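First up is the structure itself, then whatever we jot down about it.
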Amino acid sequence: MTALLKPSPLNADPAGPTPAAPAPAAAAPLISAESVTKRFADGPAVLDGVTLAIRRGERVALLGANGAGKSTLLRALVGLIPITGGAVEILGQRFTRQPTARQRATLRRRLGFVFQFHGLVGRTSALSNVVNGAMGQGHGWRSWHQSLAPAALRDAALEALEAVGLADRATARADTLSGGQSQRVAIARAIVHGPDLLFADEPAASLDPAAGLDIMRLFTRLAADQARTLVYTTHDMRHALEHADRIVALKAGRVVFDAAATDLSERDLEPIYRG
Amino acid sequence: MADTTSSRPPTSGPAASRPGARDIARWPRLTPLRFTLLVAAGAVLLASIGDVAPSADRLIGAVPRMGSLLERMLPPETDPAFLGRMGLRLVETLQIALVGTLFGILLSFPLAWLSAAGLSPLGRLRWLARGTVSLFRTVPDLVWALFFVSAVGLGAIAGTLTIIVDTAGFCGRFFAEAMEDSDKRPREALEAVGARKLDILASAVVPQCMPSFVNTSLFALELSVRSSVVLGIVGAGGIGQELKSAFELFQYPKASAIILAIFVIVLVMEQLTDWLRRRLG
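Taken in sequence, the protein lines are chains A and B.
Take the first sequence: its position 243, counted from the start at 1, is 243 in the UniProt record's numbering, and no numbers get skipped.
Take the second sequence: its position 21, counted from the start at 1, is 21 in the UniProt record's numbering, and no numbers get skipped.
Right under this line is the structure:
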């Protein structure tokens, strides 16, 4: 863990400093969404004018029922899906429809993303999966498999596995791991390059309550230790209330409230699940 | 949370109360057009049977001739000089099959990637790769053999080129299907960390598809061994050339020895690929 606090060699941008990403002012938001709208084909708006600003170091839970638009918002913020209207600015990169290839490369170098179903490659080792997490860092084919990786990358991957408590399973095939262990490997893959920002889409939804709680605690610890900004979606009120600084509630693609977690109780949150 | 069930849209009506009713409603109906097409297809089939299927008279008349041919084929030729020459031709046949399959697999891999939906770096132009694979697959191997014999001359090289194209057509299609069917979640996860299409192929797609690739490649090897046996008939090298000569010169004991050798080779190859499939599966 302590080693991860040091600047990772993987953080070094092979293309040198990115001129398009100047250091933001202390008070400027790290992520901002301005009237973001998203429609799939001719269907109704999945996101309907979402405006949001997230500052450095915040832990933000996007809360809502199934279909509220939280996963779509998370993907739209990082440019994984194109938006239909509005604008997003993240890590100094502003885009309307979707980020350009250069913006996308800059973003991928500085953020980590964890999916609900972890998305590990089952037939390769946990270590190889974590090494794959550095693919956006300019290692080329050497990030395809742990056996090809340079020593610094392999060390960083082992360190990331240690940070999630799975260093002893580094050589285990990913399809032999439990759901909770798989999600930990996915988290290690997301942090191997030392990102400023960590996104997670329903990270605990596919796990049993105990494993889900462990994963949420791990996220909170990793975010706090590294002063990372953490944005995650959840439909579990307790995961939002206990692990986030701030809760943004969505309903039918709109932000229905945005408040500090300490100011809210389960009773305040219940209306967002009502039809 | 407790009232989520009550907020669901009502699911009433006959389709909801009888499971499967909706499926039955989707069954195709016998419309006049479909009936006409069915009758037309039946007529074409009956006409074809009348034109090319062997009649009972022809079959009964052929039995004595088949018996006579088999009698002349036995016992198989055991002359050491002939067996030595046949052995060399068999080795050449296996070489054509092995080398052709190897290069065919190597060629089919990029073709499969370029033609796979959702993975191809060619985008909408992936039909170019898909069309090439279709061309390789749909033209029969003997036609390719005739083409290559005309292009590079008689012999094993024409046979090897034929097997390369045949294998690329076969594996290209099945490799592409395996790639398209691979789990999309690891691909999305790697895309989120900035992976390029080649990275995703190497790290997420190939490891997932490896069992399918191995299976398909072993089937391709079996098919290549069978194909390489007959390619000699059109002059593309291998044991087929000896077989053709034996029949043309009425050397039936030699023909039966060659047929027996082919049977053994194909059988051994099937056993070997089955064993490899079990080992690697």
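Backbone N, C-alpha and C define an ideal beta-carbon position, used for all residues, glycine too.
Computed from a prediction, not measured in an experiment: that's the story for all the values here.
- With fewer than 16 other Cβ atoms from the protein chains shown falling within 10 Å of its own Cβ, Gln-271 of chain B counts as exposed.
- Residue state for Gly-131 of chain B is assigned as helix, using DSSP reduced to three classes.
- The DSSP-derived three-state label of Gly-61 of chain B is helix.
- Ile-272 of chain A counts as buried, since no fewer than 16 other beta carbons sit within 10 angstroms of its beta carbon.
- With 16 or more other Cβ atoms inside 10 Å of its own Cβ, Met-86 of chain B counts as buried.
- Boundaries of the beta strand (DSSP E) around Tyr-232 of chain A: 229–234.
- Under the Cβ distance rule, Phe-115 of chain A counts among the residues neighbouring chain B, one pair being separated by less than 7 Å.
- Residue contact check for Pro-186 of chain B against chain A: a CB pair falls below 7 Å.
- Proximity of Thr-124 of chain A to chain B, defined by a Cβ-Cβ separation below 7 Å, is satisfied.
- When DSSP states are grouped into helix, strand and coil, Gln-93 of chain A belongs to the strand group.
- Residues are counted here when their Cβ sits less than 9 Å from a Cβ of chain A; for the segment 105–124 of chain B the count is zero.
- Rounded to the nearest whole angstrom, the C-alpha separation of Leu-213 of chain A and Gln-181 of chain A is 13 Å.
- Within chain B, no C-beta atom comes less than 8 Å from the C-beta of Arg-184 of chain A; the nearest is roughly 14 Å away.
- When DSSP assignments are scanned along the segment 27–98 of chain B, the uninterrupted stretches of alpha helix (DSSP H) that are 4 or more residues long and fall wholly within it turn out to be 32–52, 56–73.
- The straight-line gap separating the alpha-carbon atoms of Gly-64 of chain A and Ser-212 of chain B is approximately 40 Å.
- Per DSSP, reduced to three states, the secondary structure at Gly-86 of chain A is strand.
- No Cβ of chain A is located within less than 7 Å of the beta carbon of Leu-280 of chain B.
- Annotation: the continuous alpha helix (DSSP H) that includes Ser-227 of chain B extends over 206–231.
- In the structure shown, Gly-100 of chain B falls within a helical segment according to DSSP collapsed to helix, strand and coil.
- Per DSSP, the unbroken alpha helix (DSSP H) holding Glu-248 of chain B starts and ends at 239–248.
- Just measuring C-alpha positions, the residue of A:Glu-159, A:Val-46, A:Ser-143, A:Leu-30 sitting nearest Leu-250 of chain A is A:Val-46.
- Interface criterion not met: the Cβ of Val-256 of chain A is under 7 Å from no Cβ in chain B.
- For the options A:Gly-165, A:Lys-70, A:Arg-104, the alpha carbon positioned closest to that of Val-255 of chain A is the one of A:Lys-70.
- Cα atoms of Ala-156 of chain B and Thr-162 of chain B: separation of roughly 10 Å, rounded to the nearest angstrom.
- Ile-81 of chain A places its beta carbon 7 Å or farther from that of Ile-31 of chain A.
- For Ala-205 of chain A, the closest alpha carbon among the candidates A:Ala-41, A:Thr-233, A:Val-185, A:Ala-190 is that of A:Thr-233.
- Beta-bridge partners of Thr-37 of chain A (DSSP): A:Asp-48, A:Gly-85.
- If you look at Arg-238 of chain A, you'll find it isn't in any beta strand (DSSP E); it sits in the alpha helix (DSSP H) that goes 237–243.
- Chain-ordered, the chain B residues with CB closer than 8 Å to the CB of Ala-105 of chain A read Gly-194.
- In terms of Cβ geometry, Ala-97 of chain B and Ser-224 of chain B form a close pair [threshold 7 Å].
- Residue pairing by DSSP places Ala-53 of chain A opposite A:Ser-32 in a beta bridge.
- The C-beta distance from Ala-202 of chain B to Trp-144 of chain A rounds to 4 Å, short enough to fall under 8 Å.
- Taking C-alpha positions only, Thr-138 of chain B is separated from Leu-153 of chain A by approximately 46 Å.
- Residue range 59–63 is occupied by the beta strand (DSSP E) that includes Leu-62 of chain A.
- Counting only Cβ-Cβ distances below 8 Å, Gly-133 of chain A has contacts in chain B at Val-193, in chain order.
- One thing to note: Gly-133 of chain A has its Cβ within 7 Å of the Cβ of Val-193 of chain B.
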